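To keep things clear, I will list the structure first and then write my remarks on it.
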Amino acid sequence: MTDVSCQTGVELLMDYLEGVVPDDVRTSLESHVSGCSKCSAFVASYLATPRILRDATAAAMPPELQRSLRAFLRAQRGDDPQ
Amino acid sequence: MASPEDATDEALASRAALGDTGAFDEITIRHQARVYRLACRLVGHDDAPDVVQEGFLSVYLNLASFRQESRFGTWLYRIVTNAALMHRRARTRRPVESLEPFLPEFDAMGRHCQTPAELQVPARADELLDRRELVDAAMAALERLPDLYRSAFVLRDLEELTTAEVADVLGIEAATVRQRVHRARLMLRGYLAALAGAKS
Numbered sequence: 122m123t124d125v126s127c128q129t130g131v132e133l134l135m136d137y138l139e140g141v142v143p144d145d146v147r148t149s150l151e152s153h154v155s156g157c158s159k160c161s162a163f164v165a166s167y168l169a170t171p172r173i174l175r176d177a178t179a180a181a182m183p184p185e186l187q188r189s190l191r192a193f194l195r196a197q198r199g200d201d202p203q
Numbered sequence: 033m034a035s036p037e038d039a040t041d042e043a044l045a046s047r048a049a050l051g052d053t054g055a056f057d058e059i060t061i062r063h064q065a066r067v068y069r070l071a072c073r074l075v076g077h078d079d080a081p082d083v084v085q086e087g088f089l090s091v092y093l094n095l096a097s098f099r100q101e102s103r104f105g106t107w108l109y110r111i112v113t114n115a116a117l118m119h120r121r122a123r124t125r126r127p128v129e130s131l132e133p134f135l136p137e138f139d140a141m142g143r144h145c146q147t148p149a150e151l152q153v154p155a156r157a158d159e160l161l162d163r164r165e166l167v168d169a170a171m172a173a174l175e176r177l178p179d180l181y182r183s184a185f186v187l188r189d190l191e192e193l194t195t196a197e198v199a200d201v202l203g204i205e206a207a208t209v210r211q212r213v214h215r216a217r218l219m220l221r222g223y224l225a226a227l228a229g230a231k232s
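Residue numbers (my numbering), protein chains in the order written: chain A, 122 to 203; chain B, 33 to 232.
This is how it looks when you write it as structure tokens:
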């Protein structure tokens, strides 16, 4: 595999990052991205996407929900209320 | 016998299956924050409390079926993910717009249609958007993913399980996990580009 287009590179990006593409494909992808400013920018934003969404959706459990969960589970088990 | 705080998850599960309520309480305390966060990501903040309750109740009722050959954490993720999917199917939800229009675009030669600066924009979404706006947009974007993609993306990229662990939780091949996560990343990346691009 020698000529890689941006589109082919995008299609193979996840497999490349997970190390499951053949060596010749990996070499072709790295060669393309290193010489393509568009793909370099695309890869940077592709890699940033999970981090940005992870940070933005990391909800903390409210204390009142912790209490109600404990009460719910004890009721389901038939424990004496405390 | 180790105190509940010192025991492994697997040891606690064994003790809880034999009726040790203290062991089950410790399991709940140890994992409730993670389960809540996962539920929020899978069904949204409003429905997450129901899924957390349903998930832990299901854990309690199925402790006897927990097989020690898999990690307790993986088993817990499977139960909560299934509870979330069942919850979503039971609820009538408003139709949401697909994220397909946010997939990357290429010209006839397979080259990116956008400039490098435009392609870079999503990486700066957390700088360009205020926190509240980004949180709301991120939750709305997860809601707009198809169920199959959402589960794989949330488990792999947001909960940071390995691809093999996600495959185990969802009962699918690793290659299918990669395909679904990749597709979700592409759509979400494009969605962030549209949001952040309007601010840049």
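Cβ coordinates follow ideal geometry from the N, Cα and C atoms, glycine included. Note that this is a predicted model, so its numbers are computed, not measured.
Identify the continuous alpha helix (DSSP H) that holds residue i and give its terminal residues.
{"i": "residue 180/A", "result": "Where residue 180/A is concerned, there is no enclosing alpha helix (DSSP H), given that its DSSP letter is neither H nor E."}
{"i": "residue 157/A", "result": "Here residue 157/A belongs to no alpha helix (DSSP H), and DSSP marks it neither H nor E."}
{"i": "residue 230/B", "result": "Here residue 230/B belongs to no alpha helix (DSSP H), and DSSP marks it neither H nor E."}
{"i": "residue 197/B", "result": "195-202"}
{"i": "residue 131/A", "result": "127-138"}
{"i": "residue 41/B", "result": "41-49"}
{"i": "residue 148/B", "result": "148-152"}
{"i": "residue 123/B", "result": "Careful: residue 123/B lies outside any alpha helix (DSSP H) and carries neither H nor E."}
{"i": "residue 179/B", "result": "179-185"}
{"i": "residue 175/B", "result": "163-176"}
{"i": "residue 160/B", "result": "157-160"}
Mind pulling the chain A residues with CB within less than 7 Å of residue i?
{"i": "residue 141/B", "result": "126"}
{"i": "residue 81/B", "result": "186"}
{"i": "residue 40/B", "result": "None at all; the shortest Cβ gap to chain A is about 21 Å."}
{"i": "residue 243/B", "result": "Limits of chain B in this structure are 33 at one end and 232 at the other, which puts residue 243/B out of reach."}
{"i": "residue 88/B", "result": "190 and 194"}
Can you grab the Cα-Cα spacing for the pair residue i / residue j, in whole Å?
{"i": "residue 158/A", "j": "residue 147/B", "result": "9 Å"}
{"i": "residue 170/B", "j": "residue 69/B", "result": "14 Å"}
{"i": "residue 183/A", "j": "residue 78/B", "result": "12 Å"}
{"i": "residue 122/A", "j": "residue 148/A", "result": "Confidence at residue 122/A is low in this model, with a pLDDT of 48, below 50, so its placement is unreliable and no value can be given for it."}
{"i": "residue 120/B", "j": "residue 85/B", "result": "15 Å"}
{"i": "residue 109/B", "j": "residue 141/B", "result": "43 Å"}
{"i": "residue 37/B", "j": "residue 59/B", "result": "9 Å"}
{"i": "residue 225/B", "j": "residue 144/A", "result": "32 Å"}
{"i": "residue 228/B", "j": "residue 185/A", "result": "35 Å"}
{"i": "residue 122/B", "j": "residue 146/A", "result": "45 Å"}
{"i": "residue 203/B", "j": "residue 180/B", "result": "12 Å"}
{"i": "residue 166/A", "j": "residue 139/A", "result": "17 Å"}
{"i": "residue 185/B", "j": "residue 39/B", "result": "31 Å"}
{"i": "residue 198/A", "j": "residue 188/A", "result": "16 Å"}
{"i": "residue 193/A", "j": "residue 164/B", "result": "31 Å"}
{"i": "residue 52/B", "j": "residue 35/B", "result": "12 Å"}
{"i": "residue 105/B", "j": "residue 128/A", "result": "37 Å"}
{"i": "residue 137/B", "j": "residue 44/B", "result": "51 Å"}
{"i": "residue 81/B", "j": "residue 156/A", "result": "49 Å"}
{"i": "residue 132/A", "j": "residue 168/A", "result": "14 Å"}
Please list, in chain order, the chain B residues whose beta carbon lies closer than 9 Å to that of residue i.
{"i": "residue 129/A", "result": "142"}
{"i": "residue 196/A", "result": "Per Cβ cutoff of 9 Å: no residues; residue 196/A is ~10 Å from chain B at best."}
{"i": "residue 144/A", "result": "Within chain B, no residue comes near residue 144/A; the closest Cβ sits about 18 Å away, beyond 9 Å."}
For residue i, which residues in the same chain have their Cβ closer than 8 Å to its Cβ, ignoring the five residues on either side in sequence?
{"i": "residue 129/B", "result": "176"}
{"i": "residue 132/B", "result": "219"}
{"i": "residue 164/A", "result": "134 and 154"}
{"i": "residue 139/B", "result": "145"}
{"i": "residue 64/B", "result": "84 and 88"}
{"i": "residue 161/A", "result": "154 and 155"}
Can you name the residues of chain B whose CB is closer than 8 Å to the CB of residue i?
{"i": "residue 139/A", "result": "195 and 210"}
{"i": "residue 147/A", "result": "Those do not exist, as residue 147/A stays about 15 Å from chain B at its closest Cβ, beyond 8 Å."}
{"i": "residue 166/A", "result": "151, 152, 153, 154, 155, 221, 224 and 225"}
{"i": "residue 134/A", "result": "214"}
Is DSSP giving residue i helix, strand or coil here?
{"i": "residue 104/B", "result": "helix"}
{"i": "residue 138/B", "result": "strand"}
{"i": "residue 77/B", "result": "coil"}
{"i": "residue 122/A", "result": "Note that residue 122/A has pLDDT 48, beneath the 50 cutoff, so the model's placement of it is unreliable and the number below is only indicative. Residue state, collapsed to three classes: coil."}
Given that residue i touches chain B, what residues does it touch there, using C-beta distances under 7 Å?
{"i": "residue 158/A", "result": "148"}
Can you list, in chain order, the residues of its chain with a C-beta nearer than 7 Å to that of residue i? Leave out the 5 residues immediately preceding and following it.
{"i": "residue 166/B", "result": "157 and 158"}
{"i": "residue 151/A", "result": "none"}
{"i": "residue 107/B", "result": "98"}
{"i": "residue 90/B", "result": "111 and 115"}
{"i": "residue 47/B", "result": "55"}
Using a cut-off of 8 Å between C-beta atoms, extract the partners of residue i located in chain A.
{"i": "residue 65/B", "result": "181 and 182"}
{"i": "residue 170/B", "result": "173, 174, 177 and 178"}
{"i": "residue 92/B", "result": "194, 197 and 198"}
{"i": "residue 62/B", "result": "Chain A residues near residue 62/B: none, gap ~12 Å exceeds 8 Å."}
Could you pull out every residue in the same chain whose Cβ sits closer than 6 Å to the Cβ of residue i, ignoring the five residues on either side in sequence?
{"i": "residue 214/B", "result": "none"}
{"i": "residue 112/B", "result": "67, 70 and 87"}
{"i": "residue 200/B", "result": "106"}
{"i": "residue 134/B", "result": "219, 222 and 223"}
Please list, in chain order, the chain A residues whose beta carbon lies closer than 9 Å to that of residue i.
{"i": "residue 77/B", "result": "180"}
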